[in-house]
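Here is the structure we will look at.
Chains as they are written, first to last, in this note's numbering: chain A, 2 to 116; chain B, 30 to 140.
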């Protein structure tokens with residue numbers, strides 16, 4: 002059974018810092034990996050999707066990398082801002098059969114960026 | 030832009046009531062999902078559907094059922110609500126194995 006772990010569970014940084022959030026998964030047979038952001042009491046917003054054949058994806062100040070063989074992904078946030086404060090969730094999508102399309106989520110990293 | 034909407038943001042029900050949570054997506058996605066999110070337990074998949082009238086159990090289907098009569102609409106049903114079903118319920122949709130898009134969530138309280 003796939004398990005997804007995110008480290009650290011919480012992170013507090015001053016505005017302007019570059020930071021890295023980590024995600025690891027136990028089964029490397031994944032179809033793709035998706036990073037989400039969740040604000041308190043709200044739904045999830047998709048940030049980046051990396052296919053299993055890709056090494057990284059970029060969107061603005063966000064860069065996500067994937068090392069499928071070692072079961073790891075990182076989300077890099079450049080020049081952090083207070084508006085980046087949220088919970089960041091990593092989720093992997095399995096391959097084949099009825100797992101196709103299903104996501105397994107990590108517990109999330111709570112990020113606080115203070116002015 | 031993909032839009033996933035849920036019928037209520039907040040809902041309060043009594044123990045034993047039958048509860049319907051509705052989800053609608055506007056992008057012709059074949060896959061739709063219902064999750065619940067609880068502190069310390071994260072997001073857990075309740076049911077999903079990969080086509081009209083097709084459904085599969087997720088990780089925690091007990092106490093829930095679903096209905097998908099039309100492609101754009103996926104309903105979660107609590108046959109007899111219990112206090113341990115108090116939670117945040119999130120609906121999502123996707124085209125095949127591509128990005129999942131989530132609705133705003135329904136915070137359900139069962140008293």
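Ideal placement from N, C-alpha and C gives every residue a C-beta, glycine not left out.
Grab me the residues of residue i's own chain with a C-beta within less than 6 Å of its C-beta, minus the 5 sequence neighbours each way, in chain order.
{"i": "residue 75 of chain A", "result": "21, 23 and 66"}
{"i": "residue 101 of chain B", "result": "53 and 54"}
{"i": "residue 77 of chain A", "result": "21 and 64"}
{"i": "residue 62 of chain B", "result": "77 and 121"}
Got a sec, what are the start and stop residues for the beta strand (DSSP E) residue i sits in?
{"i": "residue 33 of chain A", "result": "31–39"}
{"i": "residue 51 of chain A", "result": "45–52"}
{"i": "residue 94 of chain A", "result": "87–95"}
{"i": "residue 113 of chain B", "result": "Element bounds for residue 113 of chain B: n/a, residue is neither H nor E."}
{"i": "residue 99 of chain B", "result": "93–99"}
{"i": "residue 11 of chain A", "result": "11–15"}
{"i": "residue 41 of chain B", "result": "39–42"}
{"i": "residue 129 of chain B", "result": "129–131"}
{"i": "residue 83 of chain B", "result": "83–86"}
{"i": "residue 102 of chain B", "result": "102–107"}
{"i": "residue 61 of chain B", "result": "60–67"}
What residues in its chain sit with their C-beta under 8 Å from that of residue i, if we drop five residues either side in the sequence?
{"i": "residue 1 of chain A", "result": "Since the first residue of chain A shown is 2 and the last is 116, residue 1 of chain A is not available in this structure."}
{"i": "residue 72 of chain B", "result": "64, 65, 66 and 119"}
Suppose the cutoff is 7 Å on Cβ atoms and the five residues either side in sequence are ignored; what does the same chain contact list for residue i look like?
{"i": "residue 3 of chain A", "result": "26, 27, 28, 93, 95 and 105"}
{"i": "residue 9 of chain A", "result": "110"}
{"i": "residue 116 of chain B", "result": "65, 66, 67 and 137"}
Assuming residue i and residue j are in contact, meaning their beta carbons sit under 8 Å apart, how far apart are those beta carbons, in whole angstroms?
{"i": "residue 46 of chain B", "j": "residue 36 of chain B", "result": "Contact flag wrong, Cβ pair sits at about 15 Å."}
{"i": "residue 132 of chain B", "j": "residue 33 of chain B", "result": "4 Å"}
{"i": "residue 105 of chain B", "j": "residue 75 of chain B", "result": "7 Å"}
{"i": "residue 33 of chain A", "j": "residue 52 of chain A", "result": "5 Å"}
{"i": "residue 62 of chain A", "j": "residue 87 of chain A", "result": "Incorrect: roughly 14 Å between the Cβ atoms, too far for contact."}
{"i": "residue 107 of chain B", "j": "residue 48 of chain B", "result": "4 Å"}
{"i": "residue 72 of chain A", "j": "residue 91 of chain A", "result": "Between residue 91 of chain A and residue 72 of chain A the Cβ distance is about 12 Å, and since that is not below 8 Å, they are no contact."}
At a CB distance below 8 Å, what residues from the stretch 120–131 of chain B approach chain A? Give them in sequence order.
Cβ contacts with chain A: 121, 123, 125, 126, 127, 128, 129, 130 and 131.
Members of the stretch 36–49 of chain B that neighbour chain A once the beta carbon cut-off is set at 7 Å
Going along the stretch 36–49 of chain B in chain order, one finds no residue with a Cβ nearer than 7 Å to chain A.
Give me the subset of the stretch 67–86 of chain B whose CB atoms are less than 9 Å from a CB atom of chain A, sorted by chain position.
Listed in sequence order: 69, 70, 71, 72, 73, 74, 77, 79 and 85.
Check whether the stretch 56–70 of chain A and the stretch 40–48 of chain B are in contact - that is, three or more C-beta pairs closer than 8 Å.
Contact between the stretch 56–70 of chain A and the stretch 40–48 of chain B is absent, because fewer than three Cβ pairs lie under 8 Å.
Between the stretch 62–70 of chain B and the stretch 79–86 of chain B, are three or more C-beta pairs nearer than 8 Å?
No, the stretch 62–70 of chain B is not in contact with the stretch 79–86 of chain B.
Are the stretch 118–132 of chain B and the stretch 45–52 of chain A touching by the rule of at least three beta carbon pairs closer than 8 Å?
Contact annotation: the stretch 118–132 of chain B touches the stretch 45–52 of chain A, with at least three C-beta pairs closer than 8 Å.
Residues of the stretch 50–72 of chain A with a CB closer than 7 Å to any CB of chain B: list them in chain order, please.
Taking 7 Å as the cut-off between beta carbons, the residues of the stretch 50–72 of chain A near chain B are 50, in sequence order.
Please list, in chain order, the residues of the stretch 24–40 of chain A that have any C-beta partner in chain B closer than 9 Å.
Within the stretch 24–40 of chain A, the qualifying residues are 32, 33, 35, 37 and 39.
Taking only beta carbons into account, state which residues of the stretch 74–91 of chain A come closer than 8 Å to chain B, listed in chain order.
Listed in sequence order: 90.
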